[in-house]
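Chemist: I have a structure I would like to understand better, so I am pasting it below and will then ask my questions one at a time.
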């Protein structure tokens, strides 16, 4: 009886955690820290879009400098995934990078940084 209760509670815990952590891991592997400058999502053909971002990790601090050379405003957000299981991952607030504008985003972990990436959206 005791084994079945443990098995049931473990199964429920794994079922609740897997969908969330699986999506985060898949996204983090696509955008590892220290990667080359990233471009935004592709826009319509012939319409350039997306700020170029440089991400720097120094210990537990993450800084991203994003420059938007295009005429359309890009809304950029910094995402930081921490190495330790108890360290909280963070998603920054969206910052609008207007045409020919450079913005700086920052985030941190308590200990080591696993990965960091910048997401892009067309500002309305």
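In mature numbering (1 follows the signal peptide of the UniProt record, and there is no 0), the protein residues as written are -28 to -1, 1 to 96. Note that beta-carbon positions come from the ideal geometry of N, C-alpha and C, so glycine has one too. Treat the numbers as computed from the prediction; the structure is a model and nothing was measured.
Considering only residues of the same chain and omitting the five flanking positions on each side of residue 8, which have a CB-CB separation below 7 Å?
Modeler: A caution first: residue 8 carries a pLDDT of 42, below 50, which makes its placement in the model too unreliable to give a value.
Chemist: Kindly indicate which residue of 61, 92 and 30 has the alpha-carbon position closest to the one of residue 68.
Modeler: Answer by Cα proximity: 92.
Chemist: Which value, in whole angstroms, describes the spacing of the CA atoms of residue 61 and residue 78?
Modeler: Roughly 13 Å between the two C-alpha positions.
Chemist: Skipping 5 residues on each side, what residues in its chain have a beta carbon closer than 7 Å to that of residue 39?
Modeler: The residues are 23, 24 and 74.
Chemist: Span of the beta strand (DSSP E) holding residue 25?
Modeler: Start and end: 24 to 30.
Chemist: Straight-line CA distance for residue 95 to residue 72?
Modeler: Roughly 15 Å separates the two Cα atoms.
Chemist: Mind reading off the beta-carbon distance from residue 52 to residue 34? Whole number of angstroms is fine, and I expect it under 8 Å.
Modeler: About 5 Å separates the two Cβ atoms, so the contact holds.
Chemist: Classify residue 82 as helix, strand or coil using the three-state DSSP reduction.
Modeler: Residue 82: coil per DSSP, three-state reduction.
Chemist: Buried or exposed: where does residue 63 fall if 16 or more other Cβ atoms within 10 Å of its Cβ makes it buried?
Modeler: Label assigned to residue 63: exposed.
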